[in-house]
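Visitor: Residue numbers (my numbering), protein chains in the order written: chain Z, 1 to 114; chain C, 1001 to 1111.
1. Let me see if you follow: with CB-CB separation under 8 angstroms, is residue 1101 of chain C close to chain Z or not?
2. Along chain C, in chain order, which residues have C-beta atoms closer than 9 angstroms to that of residue 107 of chain Z?
3. Using a cut-off of 8 angstroms between C-beta atoms, extract the partners of residue 1097 of chain C located in chain Z.
4. Should residue 41 of chain Z be flagged as near chain C, meaning a C-beta pair shorter than 8 angstroms?
5. Do residue 54 of chain Z and residue 47 of chain Z count as a contact pair if the criterion is CB distance below 8 angstroms?
6. Using a beta-carbon distance cut-off of less than 8 angstroms, what residues from the segment 8 to 25 of chain Z approach chain C?
7. Quick check: what's the CA-CA separation for residue 1079 of chain C versus residue 1060 of chain C?
8. What is the rounded straight-line gap between the Cα of residue 41 of chain Z and the Cα of residue 1006 of chain C?
9. If you draw a straight line from the alpha carbon of residue 7 of chain Z to that of residue 1085 of chain C, how long is it in whole angstroms?
10. Cβ atoms of residue 1070 of chain C and residue 1026 of chain C: under 8 angstroms apart, would you say?
11. Report yes or no: is there a C-beta of chain Z within less than 8 angstroms of the C-beta of residue 1021 of chain C?
12. Take residue 1022 of chain C as the anchor and find which of C/1111, C/1100, C/1105, C/1109 has the nearest alpha-carbon.
13. Residues of chain Z with CB closer than 9 angstroms to the CB of residue 1045 of chain C, please, in chain order.
14. In the structure shown, what three-state DSSP assignment does residue 1082 of chain C receive?
15. If contact means a Cβ-Cβ distance below 9 angstroms, which residues of the segment 1044 to 1074 of chain C contact chain Z?
16. Inspect the beta-carbon positions of residue 112 of chain Z and residue 12 of chain Z and report whether they are closer than 8 angstroms.
17. Applying the criterion that 16 or more other CB atoms from any shown protein chain within 10 Å of the CB defines a buried residue, is residue 10 of chain Z buried or exposed?
18. Could you give the distance in angstroms between the alpha-carbon of residue 1004 of chain C and the alpha-carbon of residue 1091 of chain C?
19. Where does residue 1009 of chain C sit, in a helix, a strand or coil, going by DSSP?
20. Does the beta carbon of residue 45 of chain Z come closer than 8 angstroms to any beta carbon on chain C?
21. Go ahead and label residue 77 of chain Z buried or exposed: buried means 16 or more other beta carbons lie within 10 angstroms of its beta carbon, across all protein chains shown.
22. Relative to the alpha-carbon of residue 1096 of chain C, which residue among Z/64, Z/20, Z/88, Z/51 has its alpha-carbon at the smallest distance?
23. Flag this pair as yes or no: are the beta carbons of residue 1099 of chain C and residue 1011 of chain C separated by less than 8 angstroms?
24. Can you list, in chain order, the residues of its chain with a C-beta nearer than 7 angstroms to that of residue 58 of chain Z? Leave out the 5 residues immediately preceding and following it.
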């Protein structure tokens, strides 16, 4: 199916380990986003990329890095995982219609750090 | 700081009842989106409203954007078990590419 594809779907890490979450979209969208979702807190923006070649910090960037590899792909890296990073991570993309920013989401990565 | 406040946080009602979910802010938005998220899935866009006072209908769901573009509501008529999910509102601004998200309303419709 067309849309936003995230890998992996599930991951368990030990404290201090590193990993990269992959995201790809096939809708020719300009903007891409990484969010984390924790119970009762809604979606919090980690990083975003308004267009190919640019990345910016969101609300909660500490402990994460990102790479906009090309227009389709946007990866999120945890260099040294901590239990506080246990969460569900969502990648999203949008075309950036003037006056609106409609987002399309992947199915999420459920990450547990022990 | 939660710029978009959703209420109620949790709602459990019987099939066939009506309900309204609210999304309020002190800030003005250029657009307001509503998403539904089912367990184990990402949020899926339901509707976008962009004009103050705008009303959009999607079958039994009615969405309204406040006249001042600071608030929105979602009304469901004759709720069905298939309406169960987490409903999220998100506000957009012309000045940047980010969406401001509410914390969500968890809705359970009991058969």
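C-beta: ideal position from N, C-alpha, C; glycine also.
Guide: In short:
1. Chain Z, which has a Cβ nearer than 8 angstroms to the Cβ of residue 1101 of chain C, makes this yes.
2. Result: 1040, 1041, 1042.
3. Under the 8 angstroms cutoff, chain Z gives 31, 48, 50, 94, 96, 101.
4. So, interface residue.
5. No; because the gap between Cβ atoms is not below 8 angstroms, this pair is not in contact.
6. Taking 8 angstroms as the Cβ-Cβ cut-off against chain C, none of the residues of the segment 8 to 25 of chain Z qualify.
7. If you take the alpha carbons of residue 1079 of chain C and residue 1060 of chain C, they lie about 8 angstroms apart.
8. Cα-Cα distance, rounded: 11 angstroms.
9. Looking at the two C-alpha atoms, the distance is approximately 24 angstroms.
10. Yes, the Cβ-Cβ distance between residue 1026 of chain C and residue 1070 of chain C is below 8 angstroms.
11. Cβ-Cβ to chain Z under 8 angstroms: no for residue 1021 of chain C.
12. Residue nearest to residue 1022 of chain C within the set C/1111, C/1100, C/1105, C/1109 is C/1105 (criterion: CA-CA distance).
13. The answer, in chain order, is 102, 103, 104, 105.
14. Note: residue 1082 of chain C maps to helix in three-state DSSP.
15. Taking 9 angstroms as the Cβ-Cβ cut-off against chain Z, the residues of the segment 1044 to 1074 of chain C that qualify are 1044, 1045, 1048, 1050.
16. Contact flag set, yes.
17. By the Cβ-count criterion, residue 10 of chain Z is exposed, with fewer than 16 other Cβ atoms from all chains shown falling within 10 Å of its own Cβ.
18. For the pair residue 1004 of chain C and residue 1091 of chain C, the Cα-to-Cα distance works out to about 8 angstroms.
19. Coil.
20. Yes, residue 45 of chain Z lies at the interface with chain C (some Cβ there is under 8 angstroms from its Cβ).
21. Residue 77 of chain Z should be labelled exposed.
22. The option with the nearest alpha carbon to residue 1096 of chain C is Z/51.
23. Not closer than 8 angstroms, so no.
24. Same-chain partners within the cutoff: 45, 46, 47, 48.
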